[in-house]
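Inspection log for the structure reproduced underneath, given as structure tokens.
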Amino acid sequence: MINKQRQGFAFHLAKIHPPRAVAVLGLLCAWLNCVPAGQAAEPPNSNSFDVLVGTYTSGKSKGIYSFRFNAETGDLQTLAAPAETVNPSYLVVSPDTKFVYAVNELHGCGSEQGAVSAFHFDAASGALTFINKMPALGDDPCYISLSPDGQNVFVANYSSGSLSALAVQPDGSLAGPVETLTHVGHGPNPERQKSAHVHMVIPSPDNEFLFATDLGEDRVYAYHCEPGSQTFPLHPAQPPFTVLSPGAGPRHLAFSHDGRFVYLIEEMGEAVVVFRVHGPHLEPIQTVRVAAKEWPGDVGAAALHLSPDGKFLYASNRTNANDLVIYSVDAQAGILTTVGHQASLGTKPRDFCIDPTGNFLVVANQDSDNLVIFKRDPETGALTPTGKTVEVGSPVCVQMIPAP
Numbered sequence: 007m008i009n010k011q012r013q014g015f016a017f018h019l020a021k022i023h024p025p026r027a028v029a030v031l032g033l034l035c036a037w038l039n040c041v042p043a044g045q046a047a048e049p050p051n052s053n054s055f056d057v058l059v060g061t062y063t064s065g066k067s068k069g070i071y072s073f074r075f076n077a078e079t080g081d082l083q084t085l086a087a088p089a090e091t092v093n094p095s096y097l098v099v100s101p102d103t104k105f106v107y108a109v110n111e112l113h114g115c116g117s118e119q120g121a122v123s124a125f126h127f128d129a130a131s132g133a134l135t136f137i138n139k140m141p142a143l144g145d146d147p148c149y150i151s152l153s154p155d156g157q158n159v160f161v162a163n164y165s166s167g168s169l170s171a172l173a174v175q176p177d178g179s180l181a182g183p184v185e186t187l188t189h190v191g192h193g194p195n196p197e198r199q200k201s202a203h204v205h206m207v208i209p210s211p212d213n214e215f216l217f218a219t220d221l222g223e224d225r226v227y228a229y230h231c232e233p234g235s236q237t238f239p240l241h242p243a244q245p246p247f248t249v250l251s252p253g254a255g256p257r258h259l260a261f262s263h264d265g266r267f268v269y270l271i272e273e274m275g276e277a278v279v280v281f282r283v284h285g286p287h288l289e290p291i292q293t294v295r296v297a298a299k300e301w302p303g304d305v306g307a308a309a310l311h312l313s314p315d316g317k318f319l320y321a322s323n324r325t326n327a328n329d330l331v332i333y334s335v336d337a338q339a340g341i342l343t344t345v346g347h348q349a350s351l352g353t354k355p356r357d358f359c360i361d362p363t364g365n366f367l368v369v370a371n372q373d374s375d376n377l378v379i380f381k382r383d384p385e386t387g388a389l390t391p392t393g394k395t396v397e398v399g400s401p402v403c404v405q406m407i408p409a410p
């Protein structure tokens with residue numbers, strides 16, 4: 007192991023020799039929750055999408071669930087039995103949709119250590135077949151992304167304040183970690199910011215940089231990214247980070263489709279911050295509220311996603327608010343205008359997704375154990391309840407891809 011300290015940038019760099027894969031067979035268990043027994047999911051068509059849902063497994067959930075979504079009717083139908091894996095709290099799908107990678111959000115040693123699991127995905131049947139699992143070399147991995155070429159997986163380890171890069175092999179298996187970077191700072195909030203907490207790692211649209219939000223340090227770090235590198239694919243950019251307001255707690259990012267702007271949601275600061283992107287440097291140009299002005303309670307901002315046409319931005323707001331915030335987007339200036347709020351019809355809306363046609367939004371309510379489907383107006387951005395819900399234990403991540 008090599009530890010280094012670089013002037014002006016506090017982190018430890020650990021070179022990790024790839025360990026052997028731990029072969030753990032994922033057990034599949036029959037589970038149907040929205041299709042009556044004996045009724046098959048409808049065949050895919052141009053308006054059909056596969057939906058993968060990551061969960062916490064301490065309650066009713068078994069792992070990763072797959073559905074088929076009809077973008078004409080808003081119906082969700084179960085495809086396959088869940089892929090059993092522990093706390094797959096965030097998922098990413100390979101560019102060719104053949105593979106799915108999930109964090110195993112754990113904090114401990116041995117079988118309880120944070121990890122990343124690889125699965126083969128049969129898009130036609132929705133079945134996930136376990137391939138292998140690798141340690142994330144950090145505690146409580148909570149986010150995962152892929153390099154554009156699909157050759158590296160990047161993981162945010164929340165409790166250890168680190169990010170790891172793993173190599174992806176041609177057969178979809180994992181062969182890392184090959185690099186781990188650990189942040190060592192802290193923030194002003196004694197309860198939430200005693201140490202660094204990396205919450206998200208995401209490549210920039212131009213594929214030049216990897217950005218990492220650090221809730222504990224109130225910073226967004228930028229790294230140069232070398233696509234396809236099997237050793238040390240990440241290098242600190244200059245400047246190495248953007249500083250946010252003290253106690254903001256940066257959580258998630260969403261880039262504009264042209265890459266000129268990036269939107270950041272502050273979990274603790276109750277705001278969305280708009281930045282103009284200058285390579286690794288982020289220039290703040292606007293801050294807007296997440297909570298409704300009249301809302302008296304606590305908030306816990308979570309996910310942030312743009313509509314397919316880029317005209318609207320949506321944010322989820324947990325704790326007492328339990329709603330979705332709708333913003334219109336000025337594409338030229340990047341500026342946001344609050345359109346309204348829509349109750350999530352559940353408790354703790356941790357994540358959501360908008361189908362590629364832009365007609366529907368599916369929100370995952372973690373504490374009420376359900377997915378709720380809303381009709382979306384592409385012209386106004388407004389959300390209307392469809393009355394359609396699906397029971398899933400502790401859903402916390404929703405990914406949608408075209409069905410075959």
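When we follow our numbering, the leftmost residue of the sequence shown carries the number 7, and every step to the right adds one.
The beta carbon of each residue, even a glycine, is placed where N, CA and C say it ideally should be.
Nearest-angstrom Cβ-Cβ length linking Gly156 and Ser100, presumed shorter than 8 angstroms
Between Ser100 and Gly156 the Cβ distance is about 5 angstroms, and since that is below 8 angstroms, they are a contact.
Check whether the Cβ atoms of Leu85 and Arg74 lie closer than 8 angstroms to each other.
Cβ atoms of Leu85 and Arg74: closer than 8 angstroms.
Look up Ser168 in the DSSP assignment and say whether it is helix, strand or coil.
In this structure, Ser168 counts as strand in the three-state DSSP scheme.
Using a Cβ-Cβ cut-off of 8 angstroms, state whether Pro286 counts as contacting chain D.
Considering every chain present, this structure includes no chain D. It has just one protein chain.
Name the DSSP bridge partner or partners of Tyr227?
For Tyr227, which the question treats as bridged, DSSP gives the partners Ala218 and Phe247.
Just how far apart, CA to CA, sit Val398 and Pro245?
Going by the C-alpha atoms only, they are around 43 angstroms apart.
Given this structure, state the Cα-to-Cα distance separating Glu185 from Gln292, to the nearest angstrom.
Rounded to whole angstroms, Glu185 to Gln292 spans 35 angstroms at the Cα level.
My guess is that Ser350 and Ser313 are in contact by the Cβ rule of under 8 angstroms, so how many angstroms apart are they, rounded?
With 8 angstroms as the limit, Ser350 and Ser313 do not qualify as a contact, their Cβ atoms being about 17 angstroms apart.
Reference Ser123, options Ser151, Ser179, Gly80 and Gly116, closest by Cα:
Checking every option, the nearest Cα to that of Ser123 belongs to Ser179.
Let's test the definition: count the other Cβ atoms within 10 Å of the Cβ of His205 and tell me whether it reaches 16, buried, or not, exposed.
It is buried - the Cβ of His205 has at least 16 other Cβ atoms within 10 Å.
Please tell me whether, using a cut-off of 7 angstroms, the distance from the CB of His258 to the nearest non-hydrogen atom of the ligand ATP is below it.
Looking at this structure, you won't find the ligand ATP or any other ligand, since it has none at all.
Start-to-end residues for the beta strand (DSSP E) that takes in Thr91:
From DSSP, Thr91 is part of no beta strand (DSSP E); its letter is neither H nor E.
With C-beta atoms as the reference, is Ser168 less than 8 angstroms away from Leu187?
Taking C-beta atoms as the reference points, Ser168 and Leu187 count as a pair closer than 8 angstroms.
Given Val296 as reference, the closest of Val190, Arg225, Asp146 and Leu342 once Cα atoms are compared
Distances from the alpha-carbon of Val296 to those of Val190, Arg225, Asp146 and Leu342 put Leu342 closest.
Which same chain residues, not among the five before or five after Asp329, have their C-beta less than 7 angstroms away from its C-beta?
Same-chain partners within the cutoff: Asn323, His347, Gln348, Ala349 and Ser350.
N-terminal and C-terminal residue of the beta strand (DSSP E) that Tyr333 is part of:
Unbroken beta strand (DSSP E) run through Tyr333: Asp329 to Val335.
May I have a chain-ordered list of the beta strand (DSSP E) segments no shorter than 3 residues that lie completely inside the region 79-144?
Within the region 79-144, the beta strand (DSSP E) runs of at least 3 residues that lie entirely inside it are, in chain order, 82-90, 97-99, 105-110, 121-128 and 133-141.
Asp383 (DSSP reduced to helix, strand or coil):
DSSP places Asp383 in coil when its eight states are reduced to three.
Rounded separation between Asp145 and Glu385 - CA only
Asp145 and Glu385 have their C-alpha atoms spaced approximately 43 angstroms apart.
In terms of DSSP beta bridges, what is Glu272 paired with?
Pro256 and Ala277, per the DSSP bridge assignment.
Report back the beta-carbon spacing between Leu216 and Phe160 to the nearest angstrom; my notes put them in contact at under 8 angstroms.
That belief holds up - the Cβ atoms of Leu216 and Phe160 are roughly 6 angstroms apart, short of 8 angstroms.
Asn326, DSSP secondary structure in three states
Coil, per DSSP.
Tell me the rounded alpha-carbon separation between Lys139 and Ala108.
Cα to Cα, the separation comes out at about 9 angstroms.
Got a sec, what are the start and stop residues for the beta strand (DSSP E) Val368 sits in?
Its beta strand (DSSP E) spans residues Phe366 to Asn371.
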